Structures are given as structure tokens and as C-alpha cells.
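Colleague: Here it is, the structure in full.
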């Protein structure tokens with residue numbers, strides 16, 4: 001049975017040192033240190049085991065690191081083209097504008113004509129269903145709704161419009177459809193953000209949308225929101241290089257060099273009238289129909305049919321009123337024909353004048 005006796009594992013702390021700890025815990029005074037200097041040896045041993053050796057940095061993996069290889073390629077392109085792509089895009093644009101004779105002045109969007117008052121049709125045409133079509137990139141249904149007669153600048157109470165959403169989602173085809181039906185890009189929400197702010201805010205570089213917006217109105221690059229940020233300040237840092245490339249490639253299209261104006265920047269003029277309203281489209285639906293179409297409760301075809309029926313009813317009711325007015329005029333003419341100046345003699349005049357106040361100094365014939 002002796003072979004089955006379990007063998008106790010030796011503790012990391014020597015028994016002599018354990019005895020000192022045990023005596024101290026029991027309230028006994030210990031005046032002598034443990035024999036053979038075991039306390040000091042245990043401390044040094046544990047301290048040595050806890051130290052971690054310094055590891056040398058392995059640089060062999062950097063060759064296969066995609067981020068490192070991208071940085072090397074970016075540095076190579078930077079040297080080849082002579083463009084510092086580590087600059088913020090706004091800083092690069094300011095230098096570019098000044099070098100080509102243009103102003104780098106910033107303008108508060110809320111103090112310009114970009115700050116408009118939404119019309120009733122704009123608010124009626126805005127619904128989460130329409131926003132959902134933009135998110136799903138359902139171009140066909142989106143185009144049909146826009147063509148039906150809703151406001152192409154549909155917006156909510158905060159003046160954030162469908163144009164903002166389309167730009168932020170990088171939907172170029174939808175943006176072009178809105179512009180074809182009379183949408184304006186010269187708008188901002190109640191925070192001063194223009195459609196270009198949302199374009200620069202896109203999760204991925206929306207450069208094709210930016211080209212459409214800037215081509216329509218390059219002044220939008222100068223508009224700052226209520227916090228003082230221009231559109232390019234919204235660009236994510238990882239996209240700085242893409243936007244700088246874009247600006248450099250289109251600098252001759254957007255900002256041709258001004259001859260004789262390289263020293264003095266060209267003045268930037270923007271209308272300062274605020275609170276204007278965007279006109280409704282020619283085929284504008286009624287507010288009720290616009291609400292139902294934007295909410296997906298009516299198809300565009302149904303809305304167009306109901307709108308045409310309503311116009312016909314209005315036209316018929318208008319013609320009936322005109323006929324009634326015409327018949328009344330005929331009756332008046334007949335009454336006038338029955339009455340003539342010959343029938344109105346001096347006696348009639350005398351009777352009429354007797355109704356005047358007595359104080360009136362008037363000679364009454366026949367009295």
C-alpha cells in the first residue's frame with residue numbers, strides 16, 4: 001500500500017519560510033529570519049521568472065503587409081506627380097485656387113440664398129418611403145415618383161432634402177433625374193450643410209457625384225456650415241488622396257487659369273437674399289396626392305389619373321360659373337333696355353330729391 005501513497009508536490013515557497021508566515025499569521029512574534037537566506041533567494045527567483053525578454057521587431061512581415069505596400073505605392077505616386085497627398089483636401093484646394101487666380105474666401109451658407117424656406121409641396125413630397133428607394137438604389141421607381149409631379153427638392157422640417165440624401169448615398173443617376181425635373185443644388189439644411197457637404201461625407205469617395213455638383217456650381221466648395229466647416233472638411237482621412245487626385249485632374253475644367261490675375265484673387269459673389277422659396281414644378285400634384293405618392297400609398301400612374309380627373313372637374317365647374325355670370329349679365333342688359341332716359345322726367349327727379357336731407361340747399365323743380 002506504500003506505493004499508492006500520493007506524493008506531495010513541493011511548494012515554490014520553502015517549508016522554513018512557510019513556517020515563518022504561519023507563525024506570523026497566528027499572532028506569534030518572529031525575531032529570527034528564516035535559515036539559509038531562503039527569503040531572499042525566493043524573491044530573486046520569482047522576480048527573474050516574471051521578467052519578459054525583449055523581442056526584436058520582425059520586419060520580415062512588412063513586405064506582405066497590404067497597408068505598408070499601399071503606403072509605399074502612395075509615396076511613389078506622390079514623388080512622381082509632385083503632389084503632397086498627405087495634406088487635407090481643403091488645404092490643398094485653398095493653395096490651388098490662389099495659384100490659379102481665384103478666391104479662397106469662405107461664406108456662411110445660412111446667410112446666402114442657399115438658405116431657402118421650404119414650400120408646402122416640398123414637405124408633402126418627403127417621406128421615409130422615398131428615402132428607402134434611395135437607400136436601396138431603386139432607380140426605376142424613384143424616377144417614376146419624381147416624374148409624377150412631386151417636388152424634386154422634397155425636404156423635411158430641418159430642410160434636409162432628397163438632394164442631400166442622394167448625394168450622401170452617391171446616387172449619380174438619381175441626382176441627374178432630380179436635376180432634369182427642376183431640382184436646384186443651391187440649398188442647405190438648417191445647419192448650413194449643402195449637397196456637396198453630404199457628397200464629401202459619403203462612406204466611399206463619391207467623385208462622380210462631386211463632378212456633377214461642382215460643375216453645376218463650384219461656389220459650393222466655399223460654403224461653410226454653422227460650425228465653420230467647408231465641404232472638403234467632411235472628407236474622411238483615408239480618402240484624402242482620392243480627393244486630391246480628383247481636384248488635380250479637374251482643375252482646368254473647374255478653375256482655368258485667370259490671365260493677369262495670379263496675384264489678386266478673383267472676387268466671389270453670391271446672392272445674400274435668404275428665405276426664398278423654390279417654385280413648384282409645372283405638373284405639380286396636389287398636396288394630398290404628393291403625400292400619398294411619396295409614401296408609396298399611390299402609384300405615380302394613379303396619382304396622374306386622379307390629378308387629370310380633378311383638373312377636368314375644376315374646368316367644368318369653372319365653365320358653369322362663367323355661364324351663370326353671362327346669363328346674369330344678359331338679364332341686366334334686358335333691364336337696362338326696358339329703362340330709358342325718356343321715362344325719367346322732372347317729376348321723378350323731384351320725388352328722388354325729396355329723399356335728400358332738408359338741410360341741403362337745392363332747388364327742387366315743381367316746388
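Residue numbers (UniProt numbering): 1 to 367. C-beta: ideal position from N, C-alpha, C; glycine also. For clarity, every value in this text was computed on a predicted model and none was experimentally measured.
1) With a threshold of 16 other CB atoms inside 10 Å of the CB of residue 238, please say whether the residue is buried or exposed.
2) To the nearest angstrom, how far is it from the Cα of residue 122 to the Cα of residue 226?
3) Please identify the residue among 253, 305, 222 whose C-alpha is closest to the C-alpha of residue 106.
4) In angstroms with no decimal places, state the Cα-to-Cα distance between residue 275 and residue 116.
5) Assess, as a yes-or-no matter, whether the region 136–156 is touched by the region 283–291 under the definition of 3 or more beta carbon pairs within less than 8 Å.
6) Taking only the alpha-carbon atoms, compute the straight-line gap between residue 114 and residue 310 and give it to the nearest angstrom.
7) Which residues share a DSSP beta bridge with residue 108?
8) For residue 102, does the three-state DSSP call read helix, strand or coil?
9) State the start and end residues of the unbroken alpha helix (DSSP H) segment that holds residue 426.
10) By Cβ distance, which residues of its chain are closer than 7 Å to residue 131, with the 5 residues on each side in sequence left out?
11) Look up residue 125 in the DSSP assignment and say whether it is helix, strand or coil.
12) Whole angstroms is fine: what's the gap from residue 101's alpha carbon to residue 216's?
13) Across which residues does DSSP place residue 155 in a beta bridge pair?
14) Tell whether a beta-carbon distance below 8 Å holds between residue 147 and residue 279.
15) Let me check understanding here. Comparing Cα to Cα, which of 214, 83, 21, 111 lies closest to residue 271?
16) Taking only the alpha-carbon atoms, compute the straight-line gap between residue 126 and residue 181 and give it to the nearest angstrom.
17) Under 8 Å, do residue 172 and residue 212 count as touching if we go by C-beta distance?
18) Compute the Euclidean distance between the alpha carbons of residue 144 and residue 240, then round it to the nearest angstrom.
19) Counting only the same chain and skipping the five closest in sequence on each side, list residues whose C-beta sits under 6 Å from that of residue 97.
20) Going straight from the alpha carbon of residue 176 to that of residue 314, what length do you get?
21) Could you check whether the Cβ of residue 91 sits closer than 8 Å to any Cβ belonging to chain D?
22) Just to confirm, is the Cβ distance from residue 161 to residue 187 under 8 Å?
23) Reducing DSSP to helix, strand and coil, say where residue 18 ends up.
24) Below 8 Å CB to CB, which residues in the same chain sit around residue 26 once its five sequence neighbours on both sides are set aside?
25) Answer with buried or exposed for residue 19, where buried requires no fewer than 16 other C-beta atoms within 10 angstroms of its C-beta.
26) Taking DSSP as the reference, what is the three-state secondary structure of residue 276?
27) Excluding the five sequence neighbours on either side, which residues of its own chain have a C-beta within less than 8 Å of the C-beta of residue 231, listed in chain order?
28) What's the C-alpha gap between residue 282 and residue 304?
29) Cα-Cα, which of 253, 210, 158, 202 is closest to residue 135?
30) Tell me the DSSP bridge mates of residue 371?
31) Do you know how far the Cα of residue 233 is from the Cα of residue 86?
32) Can you tell me whether residue 305 is helix, strand or coil according to DSSP?
33) Alpha carbon to alpha carbon, what distance is there between residue 284 and residue 149?
34) Taking Cβ to Cβ, would you say residue 189 is nearer than 8 Å to residue 158?
35) By alpha-carbon positions, which one of 191, 205, 192, 141 ends up nearest to residue 174?
36) Within its chain, find whatever has a CB closer than 7 Å to the CB of residue 384; leave out the 5 residues flanking it on each side and keep chain order.
Modeller: This is what the structure holds:
1) Position 238 of the chain shown, counted from the first residue, corresponds to residue 238. Exposed is the label assigned to residue 238, since fewer than 16 other Cβ atoms lie within 10 Å of its Cβ.
2) Taking the first residue of the chain shown as position 1, residue 122 is located at position 122. Taking the first residue of the chain shown as position 1, residue 226 is located at position 226. Distance between the alpha carbons of residue 122 and residue 226: 23 Å.
3) Against the chain shown, residue 106 aligns to sequence position 106. For the residues 253, 305, 222, the minimum Cα distance to residue 106 belongs to 222.
4) The residue labelled residue 275 in the question sits at position 275 within the chain shown. The residue labelled residue 116 in the question sits at position 116 within the chain shown. Their Cα atoms are separated by approximately 5 Å.
5) These segments touch.
6) Your numbering for residue 114 matches position 114 in the chain shown. Your numbering for residue 310 matches position 310 in the chain shown. Between residue 114 and residue 310, the alpha-carbon positions lie close to 35 Å from each other.
7) Numbered from 1 along the chain shown, position 108 holds the residue referred to as residue 108. Beta-bridge pairing links residue 108 to 224.
8) For the purposes of this step, residue 102 is taken as the residue at position 102 of the chain shown. DSSP places residue 102 in strand when its eight states are reduced to three.
9) This structure does not reach residue 426, given that the chain is present from 1 up to 367, and the question cannot be answered.
10) For this step, residue 131 is matched to residue 131 along the chain shown. When the five nearest sequence neighbours on each side are left out, the beta carbons in the same chain lying within less than 7 Å of the beta carbon of residue 131 are those of 165, in order along the chain.
11) Residue mapping note: residue 125 aligns to position 125 of the chain shown, counting from 1. Three-state result, residue 125: coil.
12) Position 101 of the chain shown, counted from the start, is the residue given in the question as residue 101. Position 216 of the chain shown, counted from the start, is the residue given in the question as residue 216. Each residue's Cα considered, the two are about 20 Å apart.
13) The count along the chain shown starts at 1 and reaches residue 155 at position 155. According to DSSP, which records beta bridges pairwise, residue 155 is partnered with 161.
14) Here residue 147 refers to the residue found at position 147 of the chain shown. Here residue 279 refers to the residue found at position 279 of the chain shown. Cβ distance not < 8 Å, so residue 147 and residue 279 don't count as in contact.
15) Counted from its first residue, the chain shown places residue 271 at position 271. Between residue 271 and the set 214, 83, 21, 111, the nearest pair of CA atoms involves 111.
16) Looking up residue 126 in the chain shown gives position 126. Looking up residue 181 in the chain shown gives position 181. Taking the straight line from one Cα to the other gives about 16 Å.
17) As a first step, residue 172 is located in the chain shown; it is residue number 172 there, counting from the start. As a first step, residue 212 is located in the chain shown; it is residue number 212 there, counting from the start. If you check the CB distance, residue 172 and residue 212 come in under 8 Å.
18) Translated into positions along the chain shown, residue 144 becomes position 144. Translated into positions along the chain shown, residue 240 becomes position 240. Each residue's alpha carbon lies about 36 Å from the other.
19) The count along the chain shown starts at 1 and reaches residue 97 at position 97. Annotation for residue 97: 104 place their beta carbon closer than 6 Å to its own, counting only its chain and skipping 5 residues before and after.
20) Start at 1 with the first residue of the chain shown, and residue 176 comes out as number 176. Start at 1 with the first residue of the chain shown, and residue 314 comes out as number 314. Cα-Cα distance, rounded: 34 Å.
21) Here chain D cannot be found, since the structure has a single protein chain.
22) Counting from 1 along the chain shown, the entry for residue 161 is found at position 161. Counting from 1 along the chain shown, the entry for residue 187 is found at position 187. Yes. Within cutoff.
23) Counting from 1 along the chain shown, the entry for residue 18 is found at position 18. Helix at residue 18.
24) In the chain shown, counting from the first residue as 1, residue 26 sits at position 26. Taken in chain order, the list of residues that qualify is empty.
25) The count along the chain shown starts at 1 and reaches residue 19 at position 19. Label assigned to residue 19: exposed.
26) Translated into the one-based positions of the chain shown, residue 276 becomes position 276. Annotated three-state conformation of residue 276 is strand, per DSSP.
27) Stepping through the chain shown from its first residue, residue 231 is reached at position 231. Taken in chain order, the residues that qualify are 194, 196, 197, 199, 200, 220, 221, 223.
28) Within the chain shown, residue 282 is the residue found at index 282, counting from 1. Within the chain shown, residue 304 is the residue found at index 304, counting from 1. Taking the straight line joining both Cα atoms gives about 13 Å.
29) In the chain shown, the residue the question calls residue 135 occupies position 135. Among 253, 210, 158, 202, the Cα nearest to that of residue 135 is on 202.
30) Any property of residue 371 remains undetermined from this structure, which presents the chain solely from 1 to 367.
31) As a first step, residue 86 must be located in the chain shown, where it is residue number 86. As a first step, residue 233 must be located in the chain shown, where it is residue number 233. Those two C-alpha atoms are separated by around 14 Å.
32) Here the question's residue 305 lines up with position 305 in the chain shown. Three-state DSSP puts residue 305 in a helix.
33) Counting from one through the chain shown, the residue named residue 149 turns up at place 149. Counting from one through the chain shown, the residue named residue 284 turns up at place 284. Residue 149 and residue 284 have their C-alpha atoms some 4 Å from each other.
34) Here residue 189 is taken as the residue at index 189 of the chain shown, counted from 1. Here residue 158 is taken as the residue at index 158 of the chain shown, counted from 1. Using a Cβ distance threshold of 8 Å, residue 189 and residue 158 count as a contacting pair.
35) The residue given as residue 174 occupies position 174 in the chain shown. Here the closest residue by C-alpha is 141.
36) With the chain represented from 1 up to 367, any question about residue 384 goes unanswered, as that position is not in the structure.
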